[in-house]
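Encoded as structure tokens, the structure appears first; notes follow it.
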Amino acid sequence: MLKHLISLLVLVAVAAPVMVSAEEVVVYSARKEHLIKPLFDRYSEKTGVEINYITDKAGPLLQRLKAEGKRTPADMLITVDAGNLWQAADAGVLAGIESPVLEQNIPAHLRDPQNRWFGLSVRARTIAYSTERVKPAELSTYEDLADPKWQGRLCLRTSKKVYNQSLVASLIARHGEKEAERIVRGWVANLAAPPFSNDTKTLKAVLAGRCDVAIVNTYYFGRLQKKQPDMKLALFWPNQDSSGVHINVSGAGLTRYAKHPAAAQRLLEWLSGEEAQAMFAGLNMEYPANPRVPASPEVRAWGEFKADDLNVAELGRLQGAAIRLMDRAGYR
Ligand code: FE
922 MLKHLISLLV
932 LVAVAAPVMV
942 SAEEVVVYSA
952 RKEHLIKPLF
962 DRYSEKTGVE
972 INYITDKAGP
982 LLQRLKAEGK
992 RTPADMLITV
1002 DAGNLWQAAD
1012 AGVLAGIESP
1022 VLEQNIPAHL
1032 RDPQNRWFGL
1042 SVRARTIAYS
1052 TERVKPAELS
1062 TYEDLADPKW
1072 QGRLCLRTSK
1082 KVYNQSLVAS
1092 LIARHGEKEA
1102 ERIVRGWVAN
1112 LAAPPFSNDT
1122 KTLKAVLAGR
1132 CDVAIVNTYY
1142 FGRLQKKQPD
1152 MKLALFWPNQ
1162 DSSGVHINVS
1172 GAGLTRYAKH
1182 PAAAQRLLEW
1192 LSGEEAQAMF
1202 AGLNMEYPAN
1212 PRVPASPEVR
1222 AWGEFKADDL
1232 NVAELGRLQG
1242 AAIRLMDRAG
1252 YR
């Protein structure tokens, strides 16, 4: 991909004198290629703007932006989890932008208060349960999963994953560190198996009967449901009488040293609009960040829920505290 990028940059440089306005945007994306390429193709088709991109994991992309500094070719960073977006902003690689379009399309709690990044899709991290061994009436909240009645019945993904760091950060934001630690200790005491490396393995452990309940992002449930429509698993929306379902975002910001800031801002604004939002969320069975755009029918079939309205930037701010807390609580 990088080779492609470099050869394209060379091509543009060589061809520049005869080209009228070869507009271009360079994107670093931690969102996987198959989830972003259809959007970039559509945008190029509509506008003639070339989008050159590389994909990698969030950590390496941020390291790269930092190392490249002013020389970076990247105009935009796309990544998943508010924790990662917050890290990028905190490292100073993103630029705050003024955009009435983005402010109108993306609700305030799904973007950086300083407008250095904007959520583009919403992911719900909720409870999945065995329909054979759990009645939904037994479920209520994330906090309740710390109750001894779930002993030996809970499966969780590793605490090393930013998704769980953000979830625990939300507990700290709601309850303070002391109570959050009590809850996490309760989860650890209830684990049926050591934490799993990903959400899909966690769900499969419930299916296999190793545990009865788990906490996962809904799109992983959706992927499994596509393969096994009759699976004996269901989603539960917790905390409907309190904080709401824990949500997070994937999102994007413009880089501080963007070479094409105006073109990149137009792309970001387009990504927040109706056509792109349906695609952006739909490709991964997530929820659009733009509230005027409905989720896909398959996602809507999981039912409506009240979501936590905590600003997702708080999840980043409290990430360090969450990591230390999980370590103290023995959550590996
Ligand atoms: Fe994921």
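Using my numbering, the letters of the sequence shown correspond one by one to residues 922 to 1253. Built from N, CA and C at the ideal position, the CB exists for glycine as well. A quick note: this is a predicted structure, and the numbers were derived from the prediction, not measured.
{"Asked": "Neighbourhood of Gly1017 by C-beta distance below 6 angstroms, restricted to the same chain and skipping five residues each side", "Found": "Gln1035, Asn1036 and Arg1037"}
{"Asked": "Ranges of the alpha helix (DSSP H) found wholly within the region 1147-1200, counting only runs of at least 4", "Found": "1182-1192"}
{"Asked": "Identified DSSP bridge partners for Asn1138", "Found": "Arg1046"}
{"Asked": "Residues of its chain near Ala1012, where Cβ-Cβ distance is below 8 angstroms and the 5 sequence neighbours each way are ignored", "Found": "Leu983, Leu986 and Lys987"}
{"Asked": "Where Gly1143 falls: helix, strand or coil (DSSP)", "Found": "helix"}
{"Asked": "Where Gly1172 falls, given that 16 or more other Cβ within 10 Å makes a residue buried", "Found": "buried"}
{"Asked": "Residue burial classification, Ala1222 (beta-carbon count within 10 angstroms, cutoff 16)", "Found": "exposed"}
{"Asked": "Member of His1181, Ile1244 and Lys1227 whose CA lies at the smallest distance from the CA of Ile972", "Found": "His1181"}
{"Asked": "Exposure label - His955; buried when at least 16 CB within 10 Å", "Found": "exposed"}
{"Asked": "Val939, DSSP secondary structure in three states", "Found": "Bear in mind that the predicted position of Val939 carries a pLDDT of just 44, short of 50, making it too unreliable to give a figure here."}
{"Asked": "Where the beta strand (DSSP E) through Glu971 begins and ends", "Found": "Glu971 to Thr976"}
{"Asked": "Own chain partners of Leu1066 with C-beta closer than 7 angstroms, once the 5 adjacent residues on each side are dropped", "Found": "Leu1075, Trp1108, Asn1111 and Val1134"}
{"Asked": "Proximity of Leu1175 and Leu1189 at Cβ, strictly below 8 angstroms", "Found": "yes"}
{"Asked": "Closer than 7 angstroms: Asn1138 CB and nearest the ligand FE heavy atom", "Found": "yes"}
{"Asked": "Check: Val1256 C-beta below 7 angstroms from any heavy atom of the ligand FE", "Found": "Because the chain here runs from 922 to 1253, residue 1256 falls outside it and cannot be looked at."}
{"Asked": "Pair within 8 angstroms by beta-carbon distance, Asn1211 and Ile1093", "Found": "no"}
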